[in-house]
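Per my numbering, the very first residue in the sequence shown carries number 1; after that it's consecutive. From the three backbone atoms N, C-alpha and C, an ideal C-beta is built for every residue, glycine too.
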Amino acid sequence: MVVKMHDIDESELQTELKAAQKVCRVIRFFLVGCLSVFVVGWLGTCVSLTVGLADEGLMSLLGAPFYIAVYGLIICFFLYKLIQIFTDVVKGNEPLSVEQAHRLRFLAVMLFLLFILDLSYSAGVVLEVIPQAGYNIIVNDGIEKPTINLNIGMLVFSAIMYSLSAIFRYAALLQQLSDETV
Numbered sequence: 001m002v003v004k005m006h007d008i009d010e011s012e013l014q015t016e017l018k019a020a021q022k023v024c025r026v027i028r029f030f031l032v033g034c035l036s037v038f039v040v041g042w043l044g045t046c047v048s049l050t051v052g053l054a055d056e057g058l059m060s061l062l063g064a065p066f067y068i069a070v071y072g073l074i075i076c077f078f079l080y081k082l083i084q085i086f087t088d089v090v091k092g093n094e095p096l097s098v099e100q101a102h103r104l105r106f107l108a109v110m111l112f113l114l115f116i117l118d119l120s121y122s123a124g125v126v127l128e129v130i131p132q133a134g135y136n137i138i139v140n141d142g143i144e145k146p147t148i149n150l151n152i153g154m155l156v157f158s159a160i161m162y163s164l165s166a167i168f169r170y171a172a173l174l175q176q177l178s179d180e181t182v
């Protein structure tokens, strides 16, 4: 059964909005927990890798510690922007706003950076620009043969997020135009 918005009375609409805000509050709480756990694990990993490889010189720090540091920063920024999106909805702000569109675009850029980071790091290991023994197996999901990791899924998801940001921006500007003419 398809319910049209004009068929729902004001009290039902308010109930639905409150339910949606509760779901967004739970998602936001979950994301804050994920970010907290991730930051603790990420910082611990960065410190232990850096300390463990400190004796081997500067070149050893350009391998796995650098990759993990940059990867972790990207994930932290990504999760933080997601938290901001859900925080705005919980506060009752409009989800179709130019600010939300900018946040979605930022998420798309972060996903694209993850794609580039994986591609460049795996290419560096395979082409032995970063010739650390054993990292090839880690980067290439346990495959011993030298292959370059081309994560098409991440690239496609990044493009989808970028497209959604354009749609959100268009919808927000259209809503703003509609509000100004009324």
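- Message: Assuming the contact rule is C-beta atoms closer than 8 Å, Leu117 and Ile74 should be a hit. Round their C-beta distance to whole Å, please.
- Response: Rounded to the nearest angstrom, the Cβ distance from Leu117 to Ile74 is 7 Å, consistent with a contact under 8 Å.
- Can you tell me the Cα-Cα spacing of Leu150 and Val89, whole angstroms? C-alpha separation (whole angstroms): 35 Å.
- Can you give the Cα-Cα distance for Ser158 and Phe115, rounded to whole angstroms? 9 Å
- With respect to the alpha helix (DSSP H) encompassing Leu150, which residues constitute its N-terminal and C-terminal limits? Note, Leu150: premise wrong, no alpha helix (DSSP H); not H, not E.
- Ser97 - containing alpha helix (DSSP H), residue span: Element bounds for Ser97: n/a, residue is neither H nor E.
- Item | Enclosing alpha helix (DSSP H) for Gly41 [first to last residue] | 10-53
- Query: Distance, Cα to Cα, Arg105 vs Leu119?
  - Reply: 21 Å
- Spatial neighbours of Gly41 within its chain, please: CB distance less than 8 Å, with the 5 preceding and 5 following residues excluded, ordered by chain position. Cβ within range, chain order: n/a, list empty.
- Between the Cα of Gly72 and the Cα atoms of Gly153, Phe29, Ser36, which residue gives the shortest distance? Ser36
- Could you give the distance in angstroms between the alpha-carbon of Gln184 and the alpha-carbon of Leu173? Only positions 1 to 182 of the chain appear in the structure, and residue 184 is not among them; the question remains open.
- Query: Do Cys24 and Phe78 come within 8 Å of each other at the CB atom, strictly closer than that value?
  - Reply: Against a cut-off of 8 Å, the Cβ pair of Cys24 and Phe78 comes out as no contact.
- Task: For Gly72, name the three-state secondary structure that DSSP assigns.
- Result: helix
- Item | Neighbour flag for Tyr80 against chain B, beta carbons, 8 Å | Within the model displayed, chain B is absent; a lone protein chain is all it includes.
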